[in-house]
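Visitor:
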Amino acid sequence: MEPPGGRKRSLLGWIETRVNLTEIVSFLSAFGLLPTELDTRKPLREAMREAFSQPLPSYARWPNILGILSFILFLFLAVSGTMMAFYYQPTAEVAYSSATAIARDVSFGSLIHQVHRWAATLFLLVLAARVVRFFLAGLYASGREVIWMVAVLSFVVGTFSDLTGRLLPWTAGGYWTTVRAREVIDALPLIGPTVSFLVGGSGLDSLVLTRFYVLHIVVFPVTLVCLFFLHFSSIRRVGMSRIENAPKSRSLRVAMYDVILIVVFLVGGLITLAVLWPHPFDVVADPFSTPPNARPPWYLLAPHALLDLIPSIVPRFLRGLALVLLLAGVR
Numbered sequence: 330m331e332p333p334g335g336r337k338r339s340l341l342g343w344i345e346t347r348v349n350l351t352e353i354v355s356f357l358s359a360f361g362l363l364p365t366e367l368d369t370r371k372p373l374r375e376a377m378r379e380a381f382s383q384p385l386p387s388y389a390r391w392p393n394i395l396g397i398l399s400f401i402l403f404l405f406l407a408v409s410g411t412m413m414a415f416y417y418q419p420t421a422e423v424a425y426s427s428a429t430a431i432a433r434d435v436s437f438g439s440l441i442h443q444v445h446r447w448a449a450t451l452f453l454l455v456l457a458a459r460v461v462r463f464f465l466a467g468l469y470a471s472g473r474e475v476i477w478m479v480a481v482l483s484f485v486v487g488t489f490s491d492l493t494g495r496l497l498p499w500t501a502g503g504y505w506t507t508v509r510a511r512e513v514i515d516a517l518p519l520i521g522p523t524v525s526f527l528v529g530g531s532g533l534d535s536l537v538l539t540r541f542y543v544l545h546i547v548v549f550p551v552t553l554v555c556l557f558f559l560h561f562s563s564i565r566r567v568g569m570s571r572i573e574n575a576p577k578s579r580s581l582r583v584a585m586y587d588v589i590l591i592v593v594f595l596v597g598g599l600i601t602l603a604v605l606w607p608h609p610f611d612v613v614a615d616p617f618s619t620p621p622n623a624r625p626p627w628y629l630l631a632p633h634a635l636l637d638l639i640p641s642i643v644p645r646f647l648r649g650l651a652l653v654l655l656l657a658g659v660r
């Protein structure tokens with residue numbers, strides 16, 4: 330009688346004669362989950378044994394943790410968002426009722442919704458921290474321009490994804506936050522008309538909500554996946570850091586333990602935030618009743634304040650051009 334280990338090895342060998350398992354597993358390295366490249370010409374066991382025997386830098390240690398942290402948060406957003414998408418209905422008439430039903434009637438729906446909200450907040454903060462960290466480290470030069478550009482683009486796409494997600498529950502806060510944000514975006518030359526064309530106009534109705542939904546669950550996530558792929562591909566090509574005291578080499582086994590610890594701490598942290606400090610669920614949106622404290626998201630507060638300083642008698646195109654010049658530092 331063949332021992333269980335022999336059957337397992339024979340099954341793995343049978344699969345490897347028909348499928349390149351090493352190439353499939355090596356896909357994890359494209360997103361930092363496996364901090365080394367595998368030799369896809371070798372069997373999986375041999376390639377993994379070789380990878381475990383070589384010292385390598387860990388993505389899960391400062392200052393390189395921000396990349397893998399942002400991608401793991403993105404995975405949390407994808408999983409929690411997919412769970413809610415089974416129940417959400419993207420029309421102005423029933424969006425609010427479907428969102429409240431998720432939080433009220435679906436098992437663990439409120440927890441999933443709060444985890445999604447907190448993961449989105451942390452995701453944007455980590456993306457912003459990456460931009461600051463790369464700027465201070467000088468990664469915009471010396472052959473690492475792609476890393477810098479991808480970090481900036483990731484933050485921009487992340488803000489657009491956050492903005493489209495705010496409207497989906499059709500709450501008063503999300504609705505008027507989006508209105509204030511559109512005031513800034515629509516004033517920008519070229520960008521404003523392009524955004525209005527993509528989302529179906531300057532107003533907020535069922536058509537715009539549906540397009541926001543598609544952008545939020547398909548277009549922006551796919552774009553972020555591509556940017557993550559470019560980020561880690563560039564890191565493997567030119568290196569992770571120009572900082573003198575970068576982390577020393579570690580084994581793959583220890584690096585994977587670091588990733589597992591990050592996941593565990595994130596799960597615990599997100600659940601703790603969701604339970605102890607839940608985001609309040611606002612009332613349904615009323616397009617004819619503007620809240621007194623309506624303002625854009627935090628990442629558009631500065632442009633919105635600058636736009637308010639420009640007299641309203643100035644045509645919108647010129648106000649947008651002046652805003653661009655002010656933000657660019659042109660005097």
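Mind the numbering: the sequence shown is residues 330 to 660 in this note's numbering, read in order. Ideal Cβ positions, reconstructed from N, Cα and C, are used throughout, including at glycine.
Consult DSSP for T420 and reduce its assignment to one of helix, strand or coil.
Guide: It is coil, neither helix nor strand.
Visitor: Going by DSSP, what residue range makes up the alpha helix (DSSP H) through I642?
Guide: Run containing I642: none; DSSP gives neither H nor E here.
Visitor: Evaluate the contact criterion for the segment 630–648 versus the segment 523–540: three or more CB pairs, one atom per stretch, below 8 Å.
Guide: Contact between the segment 630–648 and the segment 523–540 is absent, because fewer than three Cβ pairs lie under 8 Å.
Visitor: If we ignore side chains and look at the alpha-carbon of each, how far apart do W447 and L599 end up?
Guide: Their Cα atoms are separated by approximately 7 Å.
Visitor: Which one of H633, W499 and L605 has the shortest CA to CA distance from Y425?
Guide: Comparing Cα-Cα distances from Y425 to each of H633, W499 and L605, the minimum goes to W499.
Visitor: Can you give me the start and stop residues for the alpha helix (DSSP H) that I397 sits inside?
Guide: Looking at the DSSP string, the run of the alpha helix (DSSP H) that includes I397 is I394 to A414.
Visitor: Out of curiosity, what's the CA-to-CA distance linking P644 and A510?
Guide: When rounded, the distance between both Cα atoms is 18 Å.
Visitor: Give me the Cβ distance between F400 and F557, rounded to the nearest whole Å; I'm assuming they're in contact under 8 Å.
Guide: The pair is a contact, with the Cβ atoms about 5 Å apart (cut-off 8 Å).
Visitor: What are the boundary residues of the alpha helix (DSSP H) that L492 is part of?
Guide: Its alpha helix (DSSP H) spans residues E474 to L496.
Visitor: Identify which residue in G342, D515 and Y469 has its Cα closest to the Cα of H633.
Guide: When each option's Cα is compared against that of H633, the closest is D515.
Visitor: What did DSSP end up calling V554 once you bin it into helix, strand or coil?
Guide: In this structure, V554 counts as helix in the three-state DSSP scheme.
Visitor: Closer than 7 Å by C-beta to Q418: which residues in its own chain qualify, once you throw out the five before and the five after it? Chain order, please.
Guide: Counting only Cβ-Cβ distances below 7 Å, and skipping sequence neighbours, we find A424 and S427.
Visitor: Confirm, please, whether the CB-CB distance from F484 to A457 is below 8 Å.
Guide: In contact: A457 and F484 (Cβ atoms closer than 8 Å).
Visitor: By the three-class DSSP mapping on this structure, what secondary structure does V613 have?
Guide: In the structure shown, V613 sits in a strand (DSSP, three-state: E or B).
Visitor: Cα separation between P607 and R374?
Guide: Rounded to whole angstroms, P607 to R374 spans 45 Å at the Cα level.
Visitor: Assuming contact is defined by CB atoms lying nearer than 8 Å, are L497 and H545 in contact in what I supplied?
Guide: Yes, Cβ-Cβ distance for L497 and H545 is below 8 Å.
Visitor: Under a three-way DSSP split, which group does L630 fall into?
Guide: DSSP places L630 in helix when its eight states are reduced to three.
Visitor: With DSSP as the reference, label T500 as helix, strand or coil.
Guide: Correct three-state label for T500: strand.
Visitor: Could you check how far apart the C-beta atoms of G299 and F549 are, in whole angstroms? I think they sit under 8 Å.
Guide: Past the edges of the chain, shown from 330 to 660, lies residue 299, and the structure says nothing about it.
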